[in-house]
Amino acid sequence: MSQHASSRRLPPLNALRAFDAVARRGSILKAADELGVVRGAVRQQLNVLEAHFGVSLFDRENGRLVLTAKGRAFADSIGVAFGILARASAELSAGNRRSIRLGVPSAFAVWWLMPRGADLQVALQDIDIDIVPMAAVEPLARRPDLEAVIMGGEYRPTRDITAVRFMEDEFGPVAIAEVAARLGLAAGVPALAGAVALGSRSAPSLWNDWFAESGHAPVRFAGNREFEDLLLAIGAARSGLGVAIAPRTAIGEDLERGTLVAPYGFIRRPAGYSLSIRSGDAKDPALARLADWLIAAGA
Numbered sequence: 001m002s003q004h005a006s007s008r009r010l011p012p013l014n015a016l017r018a019f020d021a022v023a024r025r026g027s028i029l030k031a032a033d034e035l036g037v038v039r040g041a042v043r044q045q046l047n048v049l050e051a052h053f054g055v056s057l058f059d060r061e062n063g064r065l066v067l068t069a070k071g072r073a074f075a076d077s078i079g080v081a082f083g084i085l086a087r088a089s090a091e092l093s094a095g096n097r098r099s100i101r102l103g104v105p106s107a108f109a110v111w112w113l114m115p116r117g118a119d120l121q122v123a124l125q126d127i128d129i130d131i132v133p134m135a136a137v138e139p140l141a142r143r144p145d146l147e148a149v150i151m152g153g154e155y156r157p158t159r160d161i162t163a164v165r166f167m168e169d170e171f172g173p174v175a176i177a178e179v180a181a182r183l184g185l186a187a188g189v190p191a192l193a194g195a196v197a198l199g200s201r202s203a204p205s206l207w208n209d210w211f212a213e214s215g216h217a218p219v220r221f222a223g224n225r226e227f228e229d230l231l232l233a234i235g236a237a238r239s240g241l242g243v244a245i246a247p248r249t250a251i252g253e254d255l256e257r258g259t260l261v262a263p264y265g266f267i268r269r270p271a272g273y274s275l276s277i278r279s280g281d282a283k284d285p286a287l288a289r290l291a292d293w294l295i296a297a298g299a
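To convert, note that position 246 of the sequence shown is 246 in full-length UniProt numbering; the numbers rise steadily by one, no gaps.
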């Protein structure tokens with residue numbers, strides 16, 4: 001066989017599946033659990049793949065596997081390829097009716113997307129939207145089971161991924177009126193030093209981002225409480241447990257009812273929210289209709 005023909009021969013599918021699982025899950029043990037095999041089988045498939053290409057896809061550092069630059073680029077492409085296969089399989093099984101599996105941050109799904117669910121279904125008509133809540137948001141390249149993901153903040157799409165921005169957002173500190181008055185927050189940002197800062201592991205940088213983007217010097221809080229999800233942090237603020245940093249889209253009704261107050265107002269985050277899709281799907285009519293609806297609703 002010529003060298004040219006050999007270079008075009010695809011590696012074994014099992015080796016690609018093992019590599020994809022390790023790249024997404026970050027460890028051989030987690031990949032083995034996902035695939036339902038022993039760790040030795042995963043290691044063997046990784047060796048097969050590296051031997052096939054004649055390059056190292058991982059660096060071995062203190063017993064850990066770390067993707068090389070070539071390995072990361074290949075992992076992104078493999079994620080795209082498996083995503084296309086998953087979608088084609090779903091379409092074949094579903095017959096003529098199209099469905100889209102959309103990954104959405106759990107909090108964003110609750111406060112923004114689900115209240116507009118009826119309008120979304122009317123707009124898409126014969127397309128079913130399967131909303132997959134994500135407590136920990138993962139890039140689309142790591143989720144071959146999804147066709148699109150809504151991302152917030154300063155998301156930078158990787159190669160083979162297209163991001164369609166559909167909505168700006170504003171964010172700022174919020175608390176109940178009694179807490180704001182007790183702390184004297186109206187006197188200025190330094191008064192936050194007496195507060196318990198409420199944050200979330202799903203959006204861990206919101207407080208730091210707010211200080212940086214608002215131009216105020218960070219303060220040393222009297223205490224910090226971290227919750228698993230931003231919804232829980234906002235709920236804690238409603239209960240008077242402290243001051244949360246929250247997107248305006250999440251607490252609009254609270255502000256109108258006076259449940260929460262925003263002593264320093266909100267600052268705009270131009271990055272906002274975007275729909276992340278695979279570049280190969282950019283002209284897919286169903287995904288294009290979803291993007292159009294998001295842009296119109298987000299306006």
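Where is the CB? At the ideal position from N, CA and C, for every residue including glycine.
The structure displayed is predicted, hence computed values, not measured ones.
| Item | Value |
| --- | --- |
| Curious, which full-length alpha helix (DSSP H) runs of at least 4 residues does the region 116 to 182 contain? | 117 to 124 |
| DSSP state of L290, grouped into three classes? | helix |
| Check E228 in the structure and name its three-state DSSP category. | coil |
| Going straight from the alpha carbon of G194 to that of L183, what length do you get? | 6 Å |
| Across which residues does DSSP place R17 in a beta bridge pair? | DSSP output for R17 lists no bridge partner at all. |
| Less than 9 Å between the C-beta atoms of D160 and R24, yes or no? | no |
| Near V55, what residues of its chain come up, given a Cβ to Cβ distance below 7 Å and the 5 sequence neighbours on each side ignored? | K70 |
| Measuring straight from C-alpha to C-alpha, what distance separates E50 and D119? | 49 Å |
| In angstroms, rounded to a whole number, what distance separates the CA positions of D169 and F221? | 25 Å |
| Would you mind giving the Cβ-Cβ distance between G152 and W210, rounded to the nearest angstrom? I have them listed as a contact below 8 Å. | No, G152 and W210 are not in contact; Cβ-Cβ is about 14 Å, not under 8 Å. |
| Under the three-state reduction of DSSP, which class applies to S274: helix, strand or coil? | strand |
| Going along the chain, which residues of its own chain have a beta-carbon closer than 8 Å to the beta-carbon of V104, five neighbours each way excluded? | L113, I131, V132, P133, M134, V149, I150 |
| In this structure, does DSSP put S279 in helix, strand or coil? | helix |
| Compare the C-alpha of N14 against each of D33, L46, L102 and name the closest. | L46 |
| Please report the straight-line C-alpha distance between E147 and L287, rounded to a whole angstrom. | 9 Å |
| Determine the extent of the beta strand (DSSP E) in which D59 is found, giving its start and end residues. | 58 to 61 |
| Got a sec? Which residues, its chain only, sit under 6 Å from G298 by beta carbon, not counting five neighbours each side? | F166, M167 |
| Roughly how many whole angstroms lie between the Cα atoms of H52 and V219? | 54 Å |
| Excluding the five sequence neighbours on either side, which residues of its own chain have a C-beta within less than 7 Å of the C-beta of A203, listed in chain order? | L230 |
| If you follow the beta strand (DSSP E) that V196 is in, where does it begin and where does it stop? | 196 to 200 |
| Take G280 and list the residues in its own chain whose beta-carbon comes closer than 8 Å to its own, dropping the five residues that flank it on each side. | V80, I84, D160 |
| Between the Cα of L290 and those of D59, L102, A31, spot the shortest distance and give me the residue it belongs to. | L102 |
| Would the beta-carbon of V174 fall within 9 Å of that of L255? | yes |
| Identify, in the order they occur along the chain, each residue of the same chain with its Cβ nearer than 6 Å to the Cβ of P144, setting aside the five sequence neighbours on each side. | G79, F82, G83, A86 |
| Span of the beta strand (DSSP E) holding A246? | 243 to 247 |
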